[in-house]
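Working notes for the structure below.
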Amino acid sequence: MEDKLSARLDQLNHDYYLDCDFATRVIHAGEHFGEFGAHSHNSPIYQTSTFSFKSAKHGSDVFSGREEGYMYTRLGNPTVKVLEAKMNAIEGREVKLRSPETRVSSLVFSSGMAAASAAIMACAKAGDTVLIDEALYGCTTHFCCEVLPQYGVTSIELDTSDLGAVEAALGRYPKARALLFETPANPTMKITDITAVSRLAHRVNPELCVIVDNTFATPYLQNPLALGADLVFHSTTKYLCGHGTVVGGVVTTNNDRIKDRLYILIKDLGHSPSPFDTWLVNQGLKTLALRMERHCSNAMTLATFLEKHPKVSVVRYPGLEHFPYHRLAKEQMRGFGGMIAFDLKGGYDAGVRLMDNVRLFTLAVSLGCVDSLIQHPASMTHAVVPKDKREKAGITDGLVRISVGVEHVDDLITDLTQALAKV
Ligand SMILES: *Cc1c(COP(=O)(O)O)cnc(C)c1O
Numbered sequence: 004m005e006d007k008l009s010a011r012l013d014q015l016n017h018d019y020y021l022d023c024d025f026a027t028r029v030i031h032a033g034e035h036f037g038e039f040g041a042h043s044h045n046s047p048i049y050q051t052s053t054f055s056f057k058s059a060k061h062g063s064d065v066f067s068g069r070e071e072g073y074m075y076t077r078l079g080n081p082t083v084k085v086l087e088a089k090m091n092a093i094e095g096r097e098v099k100l101r102s103p104e105t106r107v108s109s110l111v112f113s114s115g116m117a118a119a120s121a122a123i124m125a126c127a128k129a130g131d132t133v134l135i136d137e138a139l140y141g142c143t144t145h146f147c148c149e150v151l152p153q154y155g156v157t158s159i160e161l162d163t164s165d166l167g168a169v170e171a172a173l174g175r176y177p178k179a180r181a182l183l184f185e186t187p188a189n190p191t192m193k194i195t196d197i198t199a200v201s202r203l204a205h206r207v208n209p210e211l212c213v214i215v216d217n218t219f220a221t222p223y224l225q226n227p228l229a230l231g232a233d234l235v236f237h238s239t240t241k242y243l244c245g246h247g248t249v250v251g252g253v254v255t256t257n258n259d260r261i262k263d264r265l266y267i268l269i270k271d272l273g274h275s276p277s278p279f280d281t282w283l284v285n286q287g288l289k290t291l292a293l294r295m296e297r298h299c300s301n302a303m304t305l306a307t308f309l310e311k312h313p314k315v316s317v318v319r320y321p322g323l324e325h326f327p328y329h330r331l332a333k334e335q336m337r338g339f340g341g342m343i344a345f346d347l348k349g350g351y352d353a354g355v356r357l358m359d360n361v362r363l364f365t366l367a368v369s370l371g372c373v374d375s376l377i378q379h380p381a382s383m384t385h386a387v388v389p390k391d392k393r394e395k396a397g398i399t400d401g402l403v404r405i406s407v408g409v410e411h412v413d414d415l416i417t418d419l420t421q422a423l424a425k426v
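Sequential numbering from 4 applies to the sequence shown in the numbering used here.
As structure tokens, then:
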């Protein structure tokens, strides 16, 4: 009786959601009900470092791969499997619609940086070159330009939003193993054309791995694999978890060879996530569709408000019509996201004063939380970058970045109004 019930529930769960909408898939995918006849409504947390075997034969069957099972949490854990299934269901479905025989795999990491570094290491070995966008998350740039050379891998920086520059770099480095970019990029919101860049790269070398850091957009707004990329990763710390409670990462790829290498890196470098953290991401992910709708609509309202404000010069938000990448964003994204950057006419001091006068916005780095965050790159995240290099990357003294939360937008406007009045 119990077995029948659980078989029926499992079947419902595994077959039915695949054809449903994103909002439904992300809630139902991968959920399982635990054991011992207790059909837990939420997938249990397997907070354990190791797993016991029923017999010597069972142990040997699991270790040899003759039987599916779990051995040790660094090598795999049922709570982590739920997140892998959810990511496959939301990234893989768009891929399947375009190419029905393609399957995707996801692997969960202890941080976004663990995911980013493993993604590149899975593609490149000593003697290889990788092409990277010049505006990446700071630690990703540092890893590529300072750490990788110690292991014989060369990183070449370029502006991937400039297709001419991409073509030129591919011409100069036709054997490059990977091409990595973020879109929208941090913090300038620059957009790279995923379809065009993937096409150019694969024309030169079908084996070249196009890697997209999709942290800002999320799978709800953008599916790079469906647009031609080979590997997509997210810092789950941000929107996927959504509540600022976890540091984590996830990679999804349609390339089985790269997937196998990524698994070895998790196993041998210890990039595996904590079951509890992964469970929190699983819970957060269930409301991703709802949250992104609100992030997007709040951000559009705030961007329009800021654009008209006398103390603001430029607003960078992909949803604004005059934004240089607006048309491209409209083509490759289903919405414009929750991140806005804007320039204060008063420069550095104005930025500092704004930070000190907001009441509702939290003065913090990171992004993608339910609450709104604000930061001033020139005095905070990018303070160590020399001013000329910073300005060349579009990070001016007066640039402010906000991660728009899901509060009521009127309260956010009220807070910015009072804080800008003191600038
Ligand atoms: C935060 C972030 C990362 C790094 O993720 P962690 O979870 O902090 O390791 C990478 N890329 C982008 C775009 C990010 O915002």
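Where is the CB? At the ideal position from N, CA and C, for every residue including glycine.
Check                                                                                                                                                                                       : Outcome
Taking contact to mean at least 3 C-beta pairs separated by less than 8 Å, is the stretch 111-125 in contact with the stretch 137-146?                                                      : yes
Return yes when at least one heavy atom of ligand 1 lies under 8 Å from the C-beta of S1, else no.                                                                                          : An answer regarding residue 1 cannot be provided, because it is not within the stretch 4 to 426 covered by the chain.
Apart from the five residues just before and just after G273, which ones in its own chain have a Cβ nearer than 7 Å to its Cβ?                                                              : R77
Report the partner residues of A424 according to the DSSP bridge assignment.                                                                                                                : BP columns for A424 are empty, so no partner.
For V317, which residues in the same chain have their Cβ closer than 6 Å to its Cβ, ignoring the five residues on either side in sequence?                                                  : D346
Tell me whether T417 counts as near ligand 1, meaning its Cβ is closer than 8 Å to at least one heavy atom of that ligand.                                                                  : no
Buried or exposed: G174, going by 16 or more other Cβ atoms within 10 Å of its Cβ?                                                                                                          : exposed
Are the stretch 61-68 and the stretch 78-90 touching, with three or more C-beta to C-beta distances below 8 Å?                                                                              : no
Nearer than 8 Å: is that true of the beta carbon of A117 relative to any heavy atom of ligand 1?                                                                                            : yes
Would you kindly work out how many angstroms separate the C-alpha atoms of V409 and Y154, rounded to a whole number?                                                                        : 43 Å
Measuring CA to CA, which of R319, D216, V83, D24 is closest to L234?                                                                                                                       : D216
By the three-class DSSP mapping on this structure, what secondary structure does V154 have?                                                                                                 : Inspection of the sequence shows that residue 154 is occupied by Tyr rather than by Val. In this structure, Y154 counts as helix in the three-state DSSP scheme.
Under the three-state reduction of DSSP, which class applies to Q378: helix, strand or coil?                                                                                                : strand
With a threshold of 8 Å (Cβ to nearest heavy atom), would F219 be considered close to ligand 1?                                                                                             : yes
Can you tell me whether T420 is buried or exposed? The criterion is at least 16 other CB atoms within 10 Å of its CB, across all chains shown.                                              : exposed
Just checking my contact of L370 with M342 at CB under 8 Å: how many whole Å lie between their CB atoms?                                                                                    : 6 Å
Exposed or buried, which one is N45 when buried takes at least 16 other CB atoms within 10 Å?                                                                                               : exposed
Please go through the same chain and pick out, in chain order, the residues whose beta-carbon is closer than 6 Å to the beta-carbon of F184, but skip the five residues on each side of it. : D136, T163, T195
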